[in-house]
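Q:
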Amino acid sequence: MVKRKSPLKIIGFWTLIILLVIFITYPFAWMLSVSFRYDTDAFDPGIIPKRPTLDTYAILLGFKKSIREELSNEQQQLLDLIKTLPKDQQEAVLAQINAQRKKESFPFLRFFRNSLLLAGLSALISLILSVFGAYAFSRIEFKGRGTIQRGVLVVYLFGGTILAVPLYQIFVKIGLTSSGISSAIALFIIYIVQTIPVSLYMLGNYFRTIPRSIEEAAIIDGSSRMGVITKIIIPLSLPAIITVYIYAFMIAWNEFLFASIFVRPFPEFYTLPLGLNEIFNSEHAIWAKMMAASVVTAVPVVIMFMMMEKYLTGGLTAGGVKE
């Protein structure tokens, strides 16, 4: 006989679930709500905006000028004033004006592009290396395989703050911090190194669930190792591969520590975490714009999860039951 649960326990359980869901989702709902408000309405009570607007997103993405930019004729007045100055002084003043305006601007789209390139490419390279490395660990017998496989995960015993100084010294000595491009390359390498260990571990465990008999049959039919990987292992492992790519992408997309160390002197190569941090220390520190920037920052990850949900679920659950 099955013992029925007390109604009070059931009510208490679902009450806790509802409170937990509200506690988790409310900050995201508030962020989304504020992003659709005017700056003057940012702290109005309630989740639903009283005067919803898309102006903040339009300004953030460069489709519309801010009110300050539309009303200000400061630049034209300065240009009229310096016409009486000598040519060399005119150039100096113009350079100073342009530098100041560049400093005051918030190039969100450039930050977005930088993060997308760094995260997308580093995740792709990490995935490619991990596929071949995980196949070697799971299928090829060689001396010291177990030691190397366990040693790969040693990097996760040390936090980023411990590795930051040694890594920076290494890249300084090899000349990868002298310019914006070289610093971005250093950051690209760090993101790959950060994500390969867990990617190898996840893919290696998944590859072991694929029957060896399938590969052996392909090899008997004349297929090479590369053919086995590309025609058998990769198609059968798509859920795990996509899961690993999303994991590696999110690590690079949200990373702040190393980006603040390597590309801080080069604003042209700022990533989104650095760019969002800059909002709080500039004239753009207005809540509506900050929340809109945060929402747009989350969009790529949300889209990836929505498009690859079925593969992601398979990658997280496959191999959990051994037949």
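For this note's numbering, count along the sequence shown from 1 and bump the result up by 26. Where is the CB? At the ideal position from N, CA and C, for every residue including glycine. Computed from a prediction, not measured in an experiment: that's the story for all the values here.
CA-CA distance, Phe282 and Lys35?
A: 44 Å
Q: Measuring straight from C-alpha to C-alpha, what distance separates Met27 and Pro33?
A: Its pLDDT being 49, under 50, Met27 is placed unreliably by the model, and nothing is read from it.
Q: Taking the alpha carbon of Ile277 as the point to measure from, which residue in Ser148, Leu155, Thr235, Phe138 has its own alpha carbon closest?
A: Ser148
Q: Indicate the three-state DSSP secondary structure (helix, strand or coil) for Val321 in the structure shown.
A: helix
Q: Thinking Phe137 and Leu264 are a contact (beta carbons under 8 Å), I'd like their distance in whole angstroms, please.
A: 32 Å between Cβ atoms; not a contact.
Q: Quick one: which unbroken alpha helix (DSSP H) runs of 4-plus residues sit fully inside the region 196-233? Chain order, please.
A: 206-233
Q: Can you tell me whether DSSP reads Pro291 as helix, strand or coil?
A: Reduced to three states, the DSSP call for Pro291 is coil.
Q: Taking Lys35 as part of the alpha helix (DSSP H), name the residues at either end of that continuous run.
A: 33-61 is the span of the alpha helix (DSSP H), which, as asked, contains Lys35.
Q: Using 8 Å for Cβ pairs, my map puts Phe233 next to Ile259. What's the rounded Cβ distance?
A: With a contact defined as Cβ atoms closer than 8 Å, Phe233 and Ile259 qualify at about 6 Å.
Q: Please state the DSSP three-state secondary structure of Met333.
A: helix
Q: Drop a sphere of 10 angstroms on the beta-carbon of Trp40, count the other beta-carbons inside from all chains shown, and report buried for 16 or more, exposed for fewer.
A: exposed
Q: Can you tell me which of Asp247, Phe295, Asn303, Val321 puts its alpha carbon nearest to the alpha carbon of Asn140?
A: Taking only the C-alpha atoms, the option nearest Asn140 is Phe295.
Q: What does the alpha-carbon distance come out to for the pair Tyr227 and Phe275?
A: 17 Å
Q: Give every residue of the same chain whose Cβ lies closer than 6 Å to the Cβ of Glu304, excluding the five residues on either side of it in the sequence, and list them in chain order.
A: none
Q: For Glu281, does the three-state DSSP call read helix, strand or coil?
A: coil
Q: Does DSSP classify Lys76 as helix, strand or coil?
A: In this structure, DSSP gives Lys76 a state outside helix and strand, which the three-state scheme calls coil.
Q: Which first and last residues belong to the alpha helix (DSSP H) in which Asp70 is found?
A: Counting along the chain, Asp70 sits inside no alpha helix (DSSP H), nor does DSSP assign it H or E at all.
Q: Between Pro223 and Val157, is the Cβ-Cβ spacing less than 7 Å?
A: no
Q: Hey, is the region 321-328 in contact with the region 243-255, meaning 3+ C-beta pairs nearer than 8 Å?
A: no
Q: What is the rounded straight-line gap between the Cα of Ser61 and the Cα of Lys315?
A: Their Cα atoms are separated by approximately 7 Å.
Q: What does the alpha-carbon distance come out to for the pair Val270 and Phe134?
A: Rounded to whole angstroms, the separation of the alpha carbons of Phe134 and Val270 is 28 Å.
Q: Using the three-state DSSP reduction, which class does Ser156 fall into: helix, strand or coil?
A: For Ser156, the secondary structure class from DSSP, reduced to helix, strand or coil, is helix.
Q: With a Cβ-Cβ cutoff of 7 Å, do Asp70 and Ile312 count as a contact?
A: no
Q: Within its chain, find whatever has a CB closer than 7 Å to the CB of Ile240; leave out the 5 residues flanking it on each side and keep chain order.
A: Around Ile240: Ile258.
Q: Going by the beta-carbon positions, is the gap between Ile73 and Ala55 smaller than 7 Å?
A: yes
Q: For Glu242, which three-state DSSP category applies?
A: helix
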